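Heads up: the sequence shown begins at 7 in this note's numbering, then just goes up one per residue. Don't be surprised by glycine CBs; every beta carbon is placed ideally from N, CA and C. All values reported here derive from a predicted model rather than from experimental measurement. One structure is given here, and the rest of the page talks about it.
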Amino acid sequence: MDKLPYVPSSILWEMLSACDLEALARTNRLLRCNVEPFLYRRHAIVDWGSAIMWAVDMADLDEPETCTTALAILDKVKQFCDLTPSALDLLCSPEQNYINIQPPHPFVLVDDLCTLTALHFAAWKGLDAIVEWLLRAGASVNCESSAINPLYLAVLNDKASTALSLLSHGASPVVRRGSQNSLNVFYLACVMGYASLAEQLLATGSVPADLPDVLQCYSTDVSSRPDAPAVVELLTRDAGFPNSLIEDFLCASKWQSALALLKAKKRRNRISRTTATALLDCACSSLRYNPQKAQGANLVIRRLLHVGADPDVGHEFFDSSTSDFPALLTLLPPFLEAGMDLTAKDALGIASAYDRNQDEEGASAQLEVVRLLLRHGAPISPATRGDALDSLTKWGNQERKKWAHELCGALVEHCRQVPKRQRREDITAFLGRLSDTNKQLGHRAFDIDFF
Numbered sequence: 007m008d009k010l011p012y013v014p015s016s017i018l019w020e021m022l023s024a025c026d027l028e029a030l031a032r033t034n035r036l037l038r039c040n041v042e043p044f045l046y047r048r049h050a051i052v053d054w055g056s057a058i059m060w061a062v063d064m065a066d067l068d069e070p071e072t073c074t075t076a077l078a079i080l081d082k083v084k085q086f087c088d089l090t091p092s093a094l095d096l097l098c099s100p101e102q103n104y105i106n107i108q109p110p111h112p113f114v115l116v117d118d119l120c121t122l123t124a125l126h127f128a129a130w131k132g133l134d135a136i137v138e139w140l141l142r143a144g145a146s147v148n149c150e151s152s153a154i155n156p157l158y159l160a161v162l163n164d165k166a167s168t169a170l171s172l173l174s175h176g177a178s179p180v181v182r183r184g185s186q187n188s189l190n191v192f193y194l195a196c197v198m199g200y201a202s203l204a205e206q207l208l209a210t211g212s213v214p215a216d217l218p219d220v221l222q223c224y225s226t227d228v229s230s231r232p233d234a235p236a237v238v239e240l241l242t243r244d245a246g247f248p249n250s251l252i253e254d255f256l257c258a259s260k261w262q263s264a265l266a267l268l269k270a271k272k273r274r275n276r277i278s279r280t281t282a283t284a285l286l287d288c289a290c291s292s293l294r295y296n297p298q299k300a301q302g303a304n305l306v307i308r309r310l311l312h313v314g315a316d317p318d319v320g321h322e323f324f325d326s327s328t329s330d331f332p333a334l335l336t337l338l339p340p341f342l343e344a345g346m347d348l349t350a351k352d353a354l355g356i357a358s359a360y361d362r363n364q365d366e367e368g369a370s371a372q373l374e375v376v377r378l379l380l381r382h383g384a385p386i387s388p389a390t391r392g393d394a395l396d397s398l399t400k401w402g403n404q405e406r407k408k409w410a411h412e413l414c415g416a417l418v419e420h421c422r423q424v425p426k427r428q429r430r431e432d433i434t435a436f437l438g439r440l441s442d443t444n445k446q447l448g449h450r451a452f453d454i455d456f457f
């Protein structure tokens, strides 16, 4: 730059933007050699729009060429600029002091009070090579100017290799300085559901972790935890736990975690039939409020029934005014296979009732539930006979009449498959009333020649 005349030099300094300087540097190789050192000294380490921050921002692990370019830029910074540790730990601009964490999590501590440096952003993105470059150049591994250190962000974003690299350089495992909460990044990894990362942090020996203590803290707010069975297995590997912990996970609909606890070998007490029944009742209560999670609950239900839970707990699904029949198709089979008593309560009578709020999918699933109950021996009660036959002979709601016709068809199909000698009184009563209905209609609504 010293070779340039005074006027062009002052213009470069006072008037041209970084983009203008870059464009000027691209005009020819000689001019680039002259302008480049000036460009880097002017823009490399300022705290507003610095080349270092720009390089970190552009690097993307999914696009290796961007990381290569970023490292080339950083090497130019080192070549042309006098770097000091304090320069690398300069605060970022407000526009750069933001990390988009999706989905939001209650353990996220990044807020407006946190000042984030280039090392913070590199750790968050898992840019190992850039993290190493910044540390070699003198950046503080703990970034004392900020309330959180880069290791926290690496763990928060599940960047295992970056977290291990920072630990090897002496990063503090404490989650947040100045906080009364002394929990460390191992607990953070568990809370986020990162079992593999938690295992690796534990293996380093650099992160103190009392597993029973962490398990106790982990279980204080189960509803906000991810359903991460591998984390639960890690925390219960060498520590016993009470059966109440299983109940906590069941109430929170964390089915995979609950199943991991049910399979765990180390429990303070074995699961008795009474305990299993209580846990199954808890699971059923949870499913009444979250029927969309029925698929994940199926294995838990089977496990509890296997250890002696009372299958009649399944009647709880029919106690509510409306039932989620698509979910019932998934949930009922284990109870029925375990011997749920279908005569104690009129489950079929509840399942066969017309529900005007059912959509086409729900009505189809409801009919399948009726067939399922019939196959497992549910008696055709007067309530079910009424649902099937009353609307056939009366003027009224066409949708109700359509449901009655479909229900009656399912009942006739079932009766046809039962040998005459094995027909119970309820089947005979239904077929007798259907015969009377056919006479009343003046035609055969359903063929019952087999009767």
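Cα-Cα separation, C421 to L354:
15 Å
Between the C-alpha atoms of G415 and M346, what's the straight-line distance to the nearest angstrom?
25 Å
Determine the DSSP secondary structure at E374, reduced to helix, strand or coil.
helix
With DSSP run on the structure shown, which of helix, strand or coil describes D66?
strand
Boundaries (first-last residue) of the alpha helix (DSSP H) holding P156
P156 to L162
Return helix, strand or coil for N190, following the three-state DSSP convention.
strand
Would P156 pass as a contact of T123 if the rule is Cβ separation under 9 Å?
yes
Distance, A315 Cα to E343 Cα:
13 Å
Which residues in the same chain have their Cβ closer than 7 Å to the Cβ of V313, if we skip the five residues on either side of it in sequence?
I277 and A282
Beta-carbon within less than 7 Å of L125's beta-carbon, same chain only, minus the 5 sequence neighbours each way: which residues are those?
V137, L140, A145, C149 and P156
Start and end of the alpha helix (DSSP H) containing C288?
R279 to Y295
Among the residues of its own chain, which have a CB less than 7 Å from the CB of P235, if the five just before and after it don't count?
Q262, S263, L265 and A266
Out of curiosity, what's the CA-to-CA distance linking T75 and L194?
33 Å
Out of S387, P340, E366 and V161, which has the shortest C-alpha to C-alpha gap to A357?
S387
Which of the three DSSP states, helix, strand or coil, is assigned to V180?
strand
Neighbourhood of L10 by C-beta, 6 Å cutoff - its chain only, sequence neighbours within 5 removed:
With a pLDDT of only 44 at L10, under 50, the local geometry of the prediction cannot be trusted, and no value is derived from it.
Any idea if R309 is buried or exposed, counting beta-carbon neighbours within 10 angstroms, 16 or more meaning buried?
buried
Coil, strand or helix - M59 by DSSP:
helix
Using C-beta distances below 7 Å, list every residue in its chain close to A384, excluding the 5 sequence neighbours before and after it, in chain order.
L348, A353 and L354
Distance check for K260 and D254, CA to CA, integer angstroms please.
9 Å
Would you check if the distance between the CB atom of V272 and the CB atom of G246 is smaller than 9 Å?
Going by the sequence as given, residue 272 is Lys instead of Val. Contact: yes.
What do you reckon, are the CB atoms on K351 and H382 nearer than 9 Å?
no
Cα-Cα separation between D318 and G368, rounded to whole angstroms:
24 Å
State the start and end residues of the unbroken alpha helix (DSSP H) segment that holds Q298.
That residue, Q298, is in no alpha helix (DSSP H); it is neither H nor E in DSSP.
Are the C-beta of T443 and some C-beta of chain D separated by less than 9 Å?
Among the protein chains of the structure shown there is no chain D, as only one such chain exists.
Host alpha helix (DSSP H) of H382 (start-end):
Looking at the DSSP string, H382 is not in any alpha helix (DSSP H), and its letter there is neither H nor E.
Would you call L447 buried or exposed, if buried means 16 or more other Cβ atoms sit within 10 Å of its Cβ?
exposed
Per-residue burial, D233 [other beta carbons within 10 Å of its own, 16 or more giving buried]:
buried
Run through DSSP, which three-state label would D318 get?
helix
Should L285 and N249 be called a contact, given that it needs their Cβ atoms to be closer than 9 Å?
yes
Nearest candidate by alpha-carbon position, reference M64, set F86, D361, L133 and K82
L133
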